[in-house]
Each structure stands twice: as structure tokens, then as C-alpha cells.
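Colleague:
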Amino acid sequence: MNPDVSKAADKLAKLRAQADKLTAPLAEAEATLAGAEAVEQARRAERAIEYDRAFVKTWMAQAEGRSTRGNELHAEFLELLSAEPWFKAYVAHRAERYKREKILTAAQNAQSHLGDPPTVPEPRRYDLRIIEDITSAVEKAAEAIGAAFSEELDAARNAYVEATD
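Residue numbers (the numbering used here): 1 to 165.
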């Protein structure tokens, strides 16, 4: 037989013998791992059941607590919002609209009580447009900033073009 073939066959036989020696411990380790995983899975399943049972007993109180906290935070938000100067100004603006409506209604009633012909216009209802007003103000401010930036870009370009390096 060729010495290379003989050498390769010997090496293969040695490796098979080593593999055979490790097969039993490997199988044992795999079985131990599978058993440990099964025990862990069972432990987790038990703990999940324990948690779920406890949660079912407390969910209502937890939800009520979150609702209460949400109401507290909403009240805090309204308090902080009411303290903002811009909000106060917007409320005052809206109040003037309501006052105008009350004046017109009172004038109509007075004319009616006196038997005078109606000359007071009907009160107009003004939609609350705070979101639209804020959005419009933001857009105007952003547009102005964009225009200033555009001028800066144009100036930088012109300066570069006109430079005499």
C-alpha cells in the first residue's frame, strides 16, 4: 500500500477512535442540556402563570392608578398652559369675540323690547382656530428664516463669484 494512503488511513482511524470516545460524553451533555432546558421552560411557564394570576388580581387598580395619574398630568398641563403669556393673549382675544356677541344680543333684545326696528347685525360665530393660527404663525416665521437664509446663500455665491483670488 502507498505510504500516503496508509498514513491517511491511520489518521482517519485515530480520529474515529477519538470521535467514538467523545460520542458518549457528547450525547450525555446534549441530554443534560435538553433536560435543563425542559426544566427551565417548565419553571418559566410556572412563573408566567404566577405572574398572570397576580396581574389579573391587580390590573384594575393599576389601570385606575394610571387613569388618575393621567388626569393629574392633564390638570397640570392646563395649569401650565394657562400661565403662558401667549395662551393668556389668545384667551383674551377669544373672550373679546364672545363679549361682542353678548353686546349684539343685548342690543337686539333692547331693540325688540322697545319695539324698534332691528338694525343690529346677527352675531357671527368665530371658529376656534388656535391650531391653524399657530401653524400659520410658524409657517410665516419659517418662511422668513428661509428667505433670510436664501439671501445669505446668494450673498455667499455673489461674494465668491466676484472675488479676484
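Where is the CB? At the ideal position from N, CA and C, for every residue including glycine.
Since we're looking at a predicted model, the values are computed, not measured.
Which residue's Cα is closest to the Cα of residue 90: 154, 60, 113, 132?
Modeller: 132
Colleague: Return the first residue and the last residue of the alpha helix (DSSP H) that residue 20 is part of.
Modeller: 3-83
Colleague: Could you give the distance in angstroms between the alpha-carbon of residue 157 and the alpha-carbon of residue 149?
Modeller: 12 Å
Colleague: Could you say which of 130, 106, 126, 129 lies nearest to residue 119 if we only look at CA atoms?
Modeller: When only C-alpha atoms are compared, the closest one is 106.
Colleague: Hey, could you find the ends of the alpha helix (DSSP H) residue 153 is sitting in?
Modeller: 130-162
Colleague: Would you please state the rounded distance, in angstroms, between the beta carbons of residue 85 and residue 104? I believe it to be under 8 Å.
Modeller: Rounded, the Cβ-Cβ distance is 29 Å, inconsistent with contact.
Colleague: Assuming residue 97 and residue 126 are in contact, meaning their beta carbons sit under 8 Å apart, how far apart are those beta carbons, in whole angstroms?
Modeller: That pair is a contact at about 5 Å.
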